[in-house]
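In my numbering, the protein residues as written are 2 to 438.
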Amino acid sequence: MAATLNVAVIGAGVAGLSAARQLKKNGHRVTVYEKSDRLGGIWVYDPRVESDPLCRDPNREIIHGSLYKSLRTNLPRHLMGFSDYPFRVAKNGHVNNFPGHAEVLKFLDEFAAEFELAGLIRFNTEVVRVEQVEGCRNGEKWVVESRRTSQLSSEEEVFDAVVVCNGHYTQPRLAEFPGMEKWPGKQSHSHNYRDPEPYKNLVVVLIGHSASAHDISREIALVAKEVHLSTRSKDVTLSKFDDYQNIWQHSKIDHVDENGEVVFEDGESIHADAILHCTGFKYEFPFLNTNGVVNVDDNRVGPLYKHVFPPELAPRLSFIGIPYRVIVFQMLELQAKWIAQVLSGNALLPSREEMLADVEAHYRQLEENGIPKHHTHLLCNYDSSMEYLDFLAAQAGVPPVDPELKEMFNNLFKFAYKHGFNSASRDLWDENWRPEE
Ligand code: FAD
Numbered sequence: 002m003a004a005t006l007n008v009a010v011i012g013a014g015v016a017g018l019s020a021a022r023q024l025k026k027n028g029h030r031v032t033v034y035e036k037s038d039r040l041g042g043i044w045v046y047d048p049r050v051e052s053d054p055l056c057r058d059p060n061r062e063i064i065h066g067s068l069y070k071s072l073r074t075n076l077p078r079h080l081m082g083f084s085d086y087p088f089r090v091a092k093n094g095h096v097n098n099f100p101g102h103a104e105v106l107k108f109l110d111e112f113a114a115e116f117e118l119a120g121l122i123r124f125n126t127e128v129v130r131v132e133q134v135e136g137c138r139n140g141e142k143w144v145v146e147s148r149r150t151s152q153l154s155s156e157e158e159v160f161d162a163v164v165v166c167n168g169h170y171t172q173p174r175l176a177e178f179p180g181m182e183k184w185p186g187k188q189s190h191s192h193n194y195r196d197p198e199p200y201k202n203l204v205v206v207l208i209g210h211s212a213s214a215h216d217i218s219r220e221i222a223l224v225a226k227e228v229h230l231s232t233r234s235k236d237v238t239l240s241k242f243d244d245y246q247n248i249w250q251h252s253k254i255d256h257v258d259e260n261g262e263v264v265f266e267d268g269e270s271i272h273a274d275a276i277l278h279c280t281g282f283k284y285e286f287p288f289l290n291t292n293g294v295v296n297v298d299d300n301r302v303g304p305l306y307k308h309v310f311p312p313e314l315a316p317r318l319s320f321i322g323i324p325y326r327v328i329v330f331q332m333l334e335l336q337a338k339w340i341a342q343v344l345s346g347n348a349l350l351p352s353r354e355e356m357l358a359d360v361e362a363h364y365r366q367l368e369e370n371g372i373p374k375h376h377t378h379l380l381c382n383y384d385s386s387m388e389y390l391d392f393l394a395a396q397a398g399v400p401p402v403d404p405e406l407k408e409m410f411n412n413l414f415k416f417a418y419k420h421g422f423n424s425a426s427r428d429l430w431d432e433n434w435r436p437e438e
């Protein structure tokens, strides 16, 4: 008979909702802790920004959200549904293939209502500590300490398993370059970017190469004097954007100086007023105490078997949502299914030694291919991300991701290569787009 466990899920974003749904379906008792007052995680637009624009002050109030006001998805809605619950155009909704953030949130509200998940969530309740109950074998009992918003006292509860779904787009990773501390202009991270107004009439250097960096640079260019996009990609040389009068592409920053000068590696320099770091985020689990079993080292969370289970503590501790550059919602759903099946005893994990050996082999492979540690969880190309999704489906005992969706994801990369990937070019895409066009 399948086991019924008492499971804590930390976070009510897409990962936490997926976990809650699958655990509930497998008959487990589920408590989802959510520190904010609503579900949806990163898809809840928060107009507030943090008091420290570079987010280095340990005493600041942390804002979870990193969305900017105008953000539209960077995956088409076809790739943002669940296997049995597609993200269709809402009644009276926009027909955009890449909808705005509010539409994604509405979709998640509907998803949670359809599968009756809201009743499992304890809103306004932040998890402040998770650790094994002392003396318990193989992590079989976990204590979760939580605190309700605006209350000083906390509460402890004991669970059979914990699924960590706290998201990883909140704590900025910053670019580092000589002179950064004494540079007189204003510096900020995209986590604190909401709209272009603060950059009006300024000369702005924007560091990064992601979809957000491209969107934000174009949005800022509408009000700024000049925008200089800097990337560490090796093949970049100084050039002006064809479709904009005031955006230039540059190489990596070499250094900045006290007079406000920004000097690039190719020797070019400009006098700038602001630097905006669109340089990604760091994994953080401030509540988790595993006595050093699970660590974050240079953005490597580990050791984790297939980015989900720490071999020493599996299966009673697991993580959803760690890998990136993948069909995200489908991956979160499959990881949740795998965890639910393992906790029920319907799917078996390899031995602790085999899982550790697999993690070691993965690290060795990264090293041999010259992939830096901080990219451990990047599924670096189409093949590796599809292989990963197929692996999850096989472990969970469910059909693999729809081949049409896989092909669409593959074509999307080719589209981006051909047309760029900003708000405007995304409108040239539709689900029938093929590389030969
Ligand atoms: P989150 O959505 O971050 O949810 C984590 C939840 O945990 C939050 O609600 C938070 O309040 C809660 N929490 C955290 N700590 C605690 C605690 N201690 N106690 C209690 N609760 C806690 N993906 C796509 O598929 N398509 C896109 O177009 C896309 N665009 C993106 C654009 C941006 C700018 C960013 C930042 C991300 C984008 N993503 C996109 C990725 C997106 O993050 C994932 O799609 C997905 O929403 C991640 O869900 P999650 O549940 O893992 O994390």
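Where is the CB? At the ideal position from N, CA and C, for every residue including glycine.
Residue nearest to residue i in terms of C-alpha spacing, selected from the options
| i | options | result |
| --- | --- | --- |
| Gly421 | Ala214, Ile11 and Glu198 | Ala214 |
| Leu6 | Leu318, His272 and Lys374 | Leu318 |
| His378 | His102, Val50 and Phe282 | Phe282 |
| Ala3 | Arg174, Gln133, Glu369 and Asn347 | Asn347 |
| Glu198 | Ala275, Glu369 and Val257 | Ala275 |
| Leu80 | Leu413, Glu368 and Val159 | Leu413 |
| Asp384 | Glu408, Ala362, Pro400 and Arg123 | Glu408 |
| Asp267 | Leu72, Val360 and Asp236 | Asp236 |
| Pro351 | Tyr306, Ile64 and Ser147 | Tyr306 |
| Val402 | Asp58, Phe83 and Gln188 | Phe83 |
| Asp431 | Val96, Pro59, Ala113 and Pro48 | Val96 |
Counted within 10 angstroms of its Cβ, other Cβ atoms place residue i as buried (16 or more) or exposed
| i | result |
| --- | --- |
| Val165 | buried |
| Ile321 | buried |
| His192 | buried |
| Pro436 | exposed |
| Ser234 | exposed |
| Lys70 | exposed |
| Cys279 | buried |
| Tyr170 | buried |
| Gly303 | buried |
| Thr150 | exposed |
| Lys374 | exposed |
| Val257 | buried |
| Pro311 | buried |
| His251 | buried |
| Lys241 | exposed |
| Leu397 | Note that residue 397 is Ala in the sequence shown here, rather than Leu. Counting Cβ neighbours within 10 Å, Ala397 comes out buried, since at least 16 surround it. |
| Val163 | buried |
| Gly17 | buried |
| Gln366 | exposed |
| Ser386 | buried |
| Leu106 | buried |
| Ala341 | buried |
| Ala273 | buried |
| Ala113 | buried |
| Val90 | exposed |
| Arg57 | exposed |
Integer Cβ distance of residue i from residue j, believed to fall under 8 Å
| i | j | result |
| --- | --- | --- |
| Gly120 | Gly12 | Actually they do not touch by this definition, with Cβ atoms about 17 Å apart. |
| Leu314 | Val294 | 6 Å |
| Ile328 | Phe410 | 5 Å |
| Ser218 | Leu230 | 5 Å |
| Gly66 | Tyr34 | Wrong, their Cβ atoms sit about 18 Å apart, outside the cutoff. |
| Leu225 | Lys201 | The sequence shown places Ala at residue 225, rather than the Leu named in the question. Their Cβ separation, rounded to whole angstroms, is 7 Å, which keeps Ala225 and Lys201 in contact under 8 Å. |
| Gln331 | Leu390 | 6 Å |
| Ser424 | Asp216 | 6 Å |
| Leu175 | Leu55 | 6 Å |
| Leu333 | Val15 | 5 Å |
| Pro324 | His308 | 5 Å |
| Leu277 | Tyr364 | Not really, about 33 Å apart at Cβ, beyond 8 Å. |
| Glu262 | Ser270 | 5 Å |
| Pro173 | His190 | 4 Å |
| Ala248 | Val228 | Sequence check: residue 248 is Ile here, not Ala. Their Cβ separation, rounded to whole angstroms, is 5 Å, which keeps Ile248 and Val228 in contact under 8 Å. |
| His102 | Leu72 | 5 Å |
| Glu115 | Tyr86 | 7 Å |
| Phe160 | Trp143 | 5 Å |
Are the stretch 28-44 and the stretch 181-193 touching by the rule of at least three beta carbon pairs closer than 8 Å? no
task = Assess, as a yes-or-no matter, whether the stretch 9-22 is touched by the stretch 333-352 under the definition of 3 or more beta carbon pairs within less than 8 Å.
result = yes
Should the stretch 40-57 be called in touch with the stretch 356-374, which here means at least 3 C-beta pairs below 8 Å?
-> no
query: Should the stretch 295-308 be regarded as contacting the stretch 203-222, the criterion being three or more beta carbon pairs within less than 8 Å?
result: no
Worksheet item: Unbroken beta strand (DSSP E) runs of length 3 or more, entirely within the stretch 160-192: which are they?
Response: 162-165 and 187-190
Requested in this report: Would you be able to state if there are at least three C-beta pairs under 8 Å between the stretch 148-160 and the stretch 110-130?
Outcome: yes
query = Fully enclosed by the stretch 3-39, which alpha helix (DSSP H) runs are 4 residues long or longer?
reply = 15-26
query = Where are the beta strand (DSSP E) runs, 3 residues long or more, that stay fully inside the stretch 108-141, in chain order?
reply = 126-133
_alpha helix (DSSP H) runs wholly inside the stretch 285-372, at least 4 long, in chain order_ = 329-345 and 353-369
Complete beta strand (DSSP E) runs within the stretch 192-240 (minimum length 3 residues, chain order):
204-208 and 227-231
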